[in-house]
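All remarks here apply to the structure that follows.
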Amino acid sequence: MRIVLVGPPGAGKGTQAAFLAKNLSIPHISTGDLFRANISRQTELGKLAKSYMDEGNLVPDEVTIAMAKDRMEQPDAVNGFLLDGFPRNVSQAEALDQALKADGVELDGVLDLEVPEDEVVKRIAGRRICRNDSSHVFHVTYSPPKKEGVCDVCDGELYQRDDDTEETVRKRLEVYHTQTEPIIDYYAAQGLVVTISALGKVDEVTKRAMDALKGQAEGREQRDEDKNDSRGDGGE
Ligand SMILES: [Zn+2]
């Protein structure tokens with residue numbers, strides 16, 4: 001299966017992507033990992049991306065697209081992949097379509113994770129991270145530490161990342177609405193979008209996503225069969 005995962009910041013995309021990729025036995029391709037891998041291996045694309053990042057600029061679409069293409073052509077992605085964080089605007093989506101077409105394949109579905117905006121703000125702005133280990137993550141409401149401001153695991157000090165304030169979150173949501181959300185309409189026109197609620201426990205959301213993708217795949221198969229049937233009828 002070839003799937004694109006979309007959703008606002010705070011929808012739990014990374015977590016869901018990891019579980020879904022595992023369930024579907026396909027690689028999870030995230031732009032963050034792509035950038036890190038290319039930069040650490042010092043590939044030409046990595047060096048190019050780094051030169052933009054070092055100057056505090058956004059990496060141009062062409063560079064991101066080239067990295068994604070390169071990754072999708074690796075042997076483990078032959079039978080499918082789950083894209084997370086790419087495409088993030090309509091021009092990247094168009095470039096992806098062209099790249100897939102050139103390989104004679106197409107997307108099977110676009111999974112849209114939906115979360116109310118206030119919930120996104122609550123999720124992100126309540127996040128507290130341990131100074132000793134960034135994998136020790138708490139939430140003031142959903143998973144509070146036993147002692148306020150102190151990590152349960154290692155007694156480290158908990159803090160709020162600069163990126164996690166309400167103001168920054170609202171800005172990131174604005175960017176998502178203007179740049180990324182239009183790809184949902186773009187893919188909806190191709191009949192590819194399935195929207196599910198990202199509220200609830202992680203495993204519940206994964207189950208919902210798996211069911212939705214299965215439904216989407218069956219729907220497509222049915223449509224293809226109908227198309228073939230009607231073609232057959234017409235020919236007789
Ligand atoms: Zn800690």
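Using the UniProt record's numbering, read the sequence shown as starting at 1 and increasing by one per residue.
Glycine residues also receive a C-beta, built at the ideal position from the N, C-alpha and C atoms.
Grab me the residues of residue i's own chain with a C-beta within less than 6 Å of its C-beta, minus the 5 sequence neighbours each way, in chain order.
i    : result
L100 : E106
G126 : H139, V140 and T141
A68  : F86
From residue i to residue j, what distance separates their C-alpha atoms?
i    : j    : result
K22  : S91  : 29 Å
G234 : D211 : Because G234 carries a pLDDT of 47, less than 50, the predicted location of this residue cannot be relied on, and no value is offered for it.
N89  : K147 : 42 Å
I183 : S143 : 33 Å
K227 : A188 : 19 Å
V194 : S51  : 37 Å
V120 : S40  : 32 Å
A217 : E94  : 22 Å
A66  : P145 : 43 Å
M72  : G149 : 42 Å
G56  : D97  : 29 Å
D164 : Q222 : 44 Å
R2   : D203 : 21 Å
L192 : D108 : 7 Å
Please indicate yes or no: does the CB of residue i lie closer than 7 Å to some heavy atom of ligand 1?
i    : result
G149 : no
H136 : yes
G156 : yes
D97  : no
N132 : yes
According to DSSP, residue i sits in a beta bridge with which residue or residues?
i    : result
E157 : V150
T195 : D112
Residue range of the alpha helix (DSSP H) that residue i falls in?
i    : result
L96  : V90 to A102
L134 : Position check: residue 134 holds Ser in this sequence, whereas Leu was assumed. First-last for S134: undefined, no H or E at that position.
R36  : T31 to S40
Q74  : Element bounds for Q74: n/a, residue is neither H nor E.
A11  : That residue, A11, is in no alpha helix (DSSP H); it is neither H nor E in DSSP.
Quick one: residues in its chain with C-beta nearer than 7 Å to the C-beta of residue i, no 5 flanking neighbours on either side, listed in chain order?
i    : result
H28  : A17, A18, A21, L82 and D84
D155 : none
G32  : G85
P8   : V115, V120, L173 and Y176
Could you tell me whether any non-hydrogen atom of ligand 3 is closer than 7 Å to the CB of residue i?
i    : result
V153 : For ligand 3, the structure offers nothing, since it holds only ligand 1.
Considering just the uninterrupted stretch of the beta strand (DSSP E) at residue i, what are its terminal residues?
i    : result
I124 : Here I124 belongs to no beta strand (DSSP E); instead the alpha helix (DSSP H) covers E117 to A125.
D185 : From DSSP, D185 is part of no beta strand (DSSP E) but of the alpha helix (DSSP H) over P182 to A188.
I3   : R2 to V6
R82  : Per the sequence presented here, residue 82 reads as Leu, with Arg not at that position. Its beta strand (DSSP E) spans residues F81 to D84.
Just to confirm my understanding: we take residue i, look at its own chain, exclude 5 residues before and 5 after, and list those with CB closer than 8 Å. What are they?
i    : result
V63  : L45, L48, A49 and Y52
T15  : V202
E236 : Low per-residue confidence applies at E236: pLDDT is 44, beneath 50, and the placement is therefore not dependable enough to give any value.
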